[in-house]
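So the number in our numbering is just where the residue sits in the sequence shown, counting from 1, plus 37.
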Amino acid sequence: MNVSPCVIGAEQILTEDTLDVVNPSTGELLGRTARGTQVEVDAAVAAARAASEDWRHTPVAQRAEILRRIGGLVTRERERLALLESRDTGKPLTQARADVDVAARYFTYYASTVEAFFGNSLPPDGEYISYTRHEAFGVTGHIIPWNYPLQIGCRTIAPAIAVGNCSVVKPAEDAPLSVVEVALLALEAGLPAGVLNVVPGLGAEAGAALSAHTGIDHLSFTGSVPVGSMVAKAASDNVIPVALELGGKSPNIVFADADLDVAVPVILKSFLQNAGQTCSAGSRLVVHDAVHGELLNRLEKAVGDVRIGAGPADPDLGPLISQKQLDRVTRMVERAAASADPRIGGPKRVATPVGGFYFPPTVFDGVAPDHEIAQDEVFGPVVAVTTFDSTQQAIDIANGTEYGLISAVWTKDFATAMTLTEEIRSGQVYVNTYGAGGGVEYTFGGFKKSGYGREKGFDALGEFCQTKSVVLKVAQ
Ligand code: NAD
38 MNVSPCVIGA EQILTEDTLD VVNPSTGELL GRTARGTQVE VDAAVAAARA
88 ASEDWRHTPV AQRAEILRRI GGLVTRERER LALLESRDTG KPLTQARADV
138 DVAARYFTYY ASTVEAFFGN SLPPDGEYIS YTRHEAFGVT GHIIPWNYPL
188 QIGCRTIAPA IAVGNCSVVK PAEDAPLSVV EVALLALEAG LPAGVLNVVP
238 GLGAEAGAAL SAHTGIDHLS FTGSVPVGSM VAKAASDNVI PVALELGGKS
288 PNIVFADADL DVAVPVILKS FLQNAGQTCS AGSRLVVHDA VHGELLNRLE
338 KAVGDVRIGA GPADPDLGPL ISQKQLDRVT RMVERAAASA DPRIGGPKRV
388 ATPVGGFYFP PTVFDGVAPD HEIAQDEVFG PVVAVTTFDS TQQAIDIANG
438 TEYGLISAVW TKDFATAMTL TEEIRSGQVY VNTYGAGGGV EYTFGGFKKS
488 GYGREKGFDA LGEFCQTKSV VLKVAQ
């Protein structure tokens, strides 16, 4: 069986110990991956440091050209990468294909934008002229989760290397395969050895080694709140900045005048996409009393049509990532069922395929805003429905969790929409649509415990740079 290696410099390095990679759709062994430790992290950081001076001085147009080529190779390998991602994460093939397209777009988007990014000057002020320079940090560390390894990996790698950093990436142990493939494609595209290094391994080993490493100048972490907090503490010992992309409990807020024909399929997708294992999943449905009954009836019908199956067979809903995740979701749903109404789904109500880690779509109705199922991230295909009768109550409920990642407002009333876009405390607000995480171009990041720092869009280029002001005295 193939072992997915570490990619350090131009080398593919195997480790003595390996980690099993399980196929979530079957529960069977899919492959093995290197188990990187402090030794491999040290080597990867050294390779990145060695490449750093040349890469940051490489003309931006040349760096952009290489990024464009990486994007092209990711697209060339679309079917292979999509199948690999679908097998590794369990996500439906159509979603995996979309992930590959987005991954490729990160490289082409940042190839274009980085060329327009460098160089701001302030108007001359008396005897001074000043300008700002955006300079690469040097070596950036990236710790990524298992739910969208390709998308999130490329979302953070592309802007970091575009501005001239060299990167060391630690994929999640549950789904490490596609990120290693991207690193190999990047070498094929002509990215100099050492600019992008990947060390698969356990969080407590390779992840902890990377986050505490004294050779790292910036860390970006996407994952859970407790681990993000640990990573930030480790980084603070080295006084380096961290971008934290953490969890969410994002609401769809549906007013009485909403167009339910448009809203219902989008709401359904928002909590089922990737089996609900999406940081920006629409896991809360906050609905006006006047349309609650109608909306729930429509949702119930739509859920009834959902096809559940193995990711590569391209169903609507695939499995969860692991037995551990299935146990966690089951426990949370069973706990909630004791005090809230699982109107649709729940652990025992809908048949799911045998083998693999499947959980049916589940809708809890009549949930109090402070109930655990409306407050904590489930990371499964589960939505909690809460009602409101005034705009202020909708705002209070929307803001009433410790998260603030994304939100959506469904209304035809412009004033109501504008009020909510101002009052809701989340990094993205959608009106009459829901773009889990949004497009490549939309700045993304959290308020409150959803994290800090910004990725995607133009802002990501700034995230991976430090700014230097240069002031010239022109008159003596
Ligand atoms: P996790 O925090 O357990 O793991 C994330 C990464 O951290 C993995 O690579 C893991 O190996 C590593 N890690 C674990 N322990 C570590 C340690 N001690 N030191 C350093 N690294 C360590 O999260 P997960 O289970 O992989 O992902 C689920 C969580 O991620 C959810 O809470 C979800 O909301 C969040 N998430 C957020 C975003 C976002 O963009 N905001 C995107 C995807 C997932």
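For each residue, glycine too, the CB sits at the ideal point set by N, CA and C. Remember, predicted model here, so these are calculated numbers, not experimental data.
To the nearest angstrom, how far is the alpha carbon of residue i from that of residue j?
i                 : j                 : result
valine 176        : valine 82         : 7 Å
threonine 54      : glutamate 242     : Rather than threonine, the amino acid found at residue 54 in this sequence is aspartate. So the two alpha carbons sit approximately 12 Å from each other.
threonine 448     : aspartate 402     : 21 Å
leucine 51        : valine 507        : 46 Å
aspartate 296     : proline 418       : 23 Å
alanine 435       : glycine 490       : 22 Å
glycine 494       : aspartate 211     : 28 Å
alanine 230       : tyrosine 143      : 20 Å
aspartate 450     : phenylalanine 425 : 17 Å
serine 204        : valine 78         : 11 Å
aspartate 351     : serine 41         : 25 Å
phenylalanine 501 : glycine 46        : 21 Å
asparagine 334    : alanine 293       : 15 Å
alanine 421       : proline 237       : 35 Å
tyrosine 168      : phenylalanine 154 : 13 Å
alanine 375       : threonine 367     : 13 Å
alanine 272       : histidine 179     : 12 Å
valine 235        : aspartate 433     : 43 Å
phenylalanine 484 : leucine 498       : 20 Å
glycine 163       : lysine 510        : 9 Å
proline 160       : alanine 512       : 15 Å
leucine 221       : serine 215        : 10 Å
glutamate 172     : glutamate 152     : 13 Å
isoleucine 277    : alanine 85        : 17 Å
alanine 80        : cysteine 43       : 10 Å
Assign residue i to one of three DSSP states: helix, strand, or coil.
i                 : result
aspartate 433     : helix
phenylalanine 416 : coil
lysine 505        : strand
tyrosine 143      : helix
glutamate 478     : coil
threonine 248     : Here residue 248 is serine; the residue named in the question, threonine, does not match the sequence. Note: serine 248 maps to helix in three-state DSSP.
proline 186       : helix
serine 167        : strand
threonine 424     : strand
serine 359        : coil
arginine 380      : strand
glutamate 210     : coil
valine 137        : helix
arginine 227      : Reading the sequence as shown, one finds glycine at residue 227 and not arginine. If DSSP states are grouped into helix, strand and coil, glycine 227 belongs with coil.
aspartate 294     : coil
glutamate 492     : strand
valine 236        : coil
leucine 110       : helix
threonine 458     : helix
alanine 153       : coil
cysteine 191      : helix
aspartate 364     : helix
threonine 453     : helix
Tell me, please, which residues DSSP counts as bridged to residue i.
i             : result
arginine 69   : Val40, Asp57
cysteine 526  : Shown here, the chain extends from 38 to 513; a query on residue 526 therefore has no answer.
threonine 128 : Position check: residue 128 holds lysine in this sequence, whereas threonine was assumed. Looking at the DSSP assignment, lysine 128 forms no beta bridge with any residue, so it has no partner.
glutamate 310 : Note on identity: in this sequence residue 310 is glutamine, with glutamate being the wrong assignment. Partner(s): none; glutamine 310 has no beta bridge.
alanine 445   : Asn289, Tyr467
alanine 48    : Before going on, a small fix: residue 48 reads as glutamate here, not alanine. Beta-bridge pairing links glutamate 48 to Ile45.
serine 158    : Tyr168
lysine 510    : Tyr165
glutamate 354 : Per the sequence shown, residue 354 should be read as leucine rather than glutamate. Answer by DSSP bridge pairing, in chain order: Ile345.
lysine 485    : Tyr440
So with Cβ pairs under 9 Å, would you call residue i a contact of chain B?
i          : result
lysine 361 : As a matter of chain content, chain B is missing from the structure shown, which is built from one protein chain.
Note down, one range per segment and in chain order, each alpha helix (DSSP H) of at least 4 residues found wholly within the segment 72-98.
-> 75-94
Is it true that the segment 479-492 meets the segment 140-157, where meeting means three or more beta-carbon pairs spaced less than 8 Å apart?
-> no
Between the segment 292-311 and the segment 338-346, do at least 3 Cβ pairs fall closer than 8 Å?
-> yes
Using 8 Å as the threshold, is the segment 112-131 in touch with the segment 62-75, meaning 3 or more CB pairs across them?
-> yes
Indicate whether the contact test is met: 3 or more Cβ pairs, each with one atom in the segment 252-259 and one in the segment 412-426, closer than 8 Å.
-> no
Secondary structure, alpha helix (DSSP H): runs of 4+ residues fully inside the segment 252-282 | 262-274
Would you list, in sequence order, the uninterrupted alpha helix (DSSP H) runs of no fewer than 4 residues that lie entirely inside the segment 318-352?
-> 326-341
Spell out a yes or no on whether the segment 196-204 and the segment 127-141 are touching, meaning 3 or more CB-CB pairs, one atom from each, closer than 8 Å.
-> no
Do the segment 225-240 and the segment 97-117 touch if we need at least three Cβ pairs shorter than 8 Å?
-> yes
Taking three-plus beta-carbon pairs below 8 Å as touching, is the segment 317-330 in contact with the segment 369-384?
-> no
Kindly confirm or deny that the segment 180-194 and the segment 204-220 touch, where touching means at least three C-beta pairs closer than 8 Å.
-> yes
Sequence ranges, beta strand (DSSP E) only - wholly within the segment 386-411, length at least 3 | 399-402
Spell out a yes or no on whether the segment 257-265 and the segment 275-288 are touching, meaning 3 or more CB-CB pairs, one atom from each, closer than 8 Å.
-> yes
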